[in-house]
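Working notes for the structure below.
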Amino acid sequence: MSRSSRDTPVGGAGRDALYQRFYALIDCIPRGRVATYGQIAREAGRPRHARHVGYALRALPPGSKLPWYRVINSRGEISARPSEGYPLQRERLLAEGIVLDRRGRVDLERFGWVPDL
DNA sequence: AATGTGACCGCGA
DNA sequence: TTCGCGGCCACAT
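To convert, count from 1 in the first sequence and add 19; that's the working numbering.
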């Protein structure tokens, strides 16, 4: 491993490869659990690049099989805009047994995804 | 090239 | 707990 320890190369392909990595990670989120944008970015070896996770998801085609709805922000809230996928996302989460409190927030302590290696 | 925006995050007040 | 700010970086104009 003669690689610099401060970061993980994306592989040379750049942005596209990074997005693919985000997608792969999101695809691993089990049913009934949620992950945060920051968490996905971190798992992908790009801490503090949470915004790009949202970017990648925004670029996702409608009808994608990816469980994008299991990705929420660090406060446990749905970040998608009401005019975008908010209603659908809320519905999907509820359908999996995830509880949203009165303010529409998910208890990350309880439903947060803990990736096991 | 420069500027503004964004499905975000974390910290300090 | 909420609110404000700076940081991050790709993308649209």
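C-beta: ideal position from N, C-alpha, C; glycine also.
This structure is a prediction, so every number in the text was calculated from the model and none was measured.
Local conformation of residue i per DSSP, three classes
| i | result |
| --- | --- |
| isoleucine 59 | helix |
| tryptophan 132 | coil |
| arginine 65 | coil |
| isoleucine 91 | strand |
| alanine 54 | strand |
Rounded separation between residue i and residue j - CA only
| i | j | result |
| --- | --- | --- |
| arginine 122 | asparagine 92 | 14 Å |
| serine 98 | aspartate 35 | 23 Å |
| glutamate 110 | glutamate 62 | 26 Å |
| glutamate 128 | proline 80 | 30 Å |
| isoleucine 45 | leucine 85 | 7 Å |
| proline 28 | leucine 37 | Residue confidence is low: proline 28 scores 48 on pLDDT, short of 50, so the model does not pin down where it sits. No coordinate-derived value is stated. |
| glycine 116 | arginine 65 | 30 Å |
Nearest residue (CA-CA) to residue i, options the options
| i | options | result |
| --- | --- | --- |
| glycine 95 | Ala54, Ile59, Leu79 | Ala54 |
| leucine 112 | Tyr88, Asp135, Val133 | Tyr88 |
Sheet register partners of residue i (DSSP bridge)
| i | result |
| --- | --- |
| glutamate 96 | Arg124 |
| leucine 119 | Val125 |
Near the ligand ZN: residue i beta-carbon under 7 Å from a heavy atom
| i | result |
| --- | --- |
| glycine 57 | Only the bare structure without any ligand can be found here, which leaves the ligand ZN out of the picture. |
Original post:
Is it a yes or a no for the region 101-110 touching the region 66-73, going by three-plus beta-carbon pairs under 8 Å?
Top reply: no
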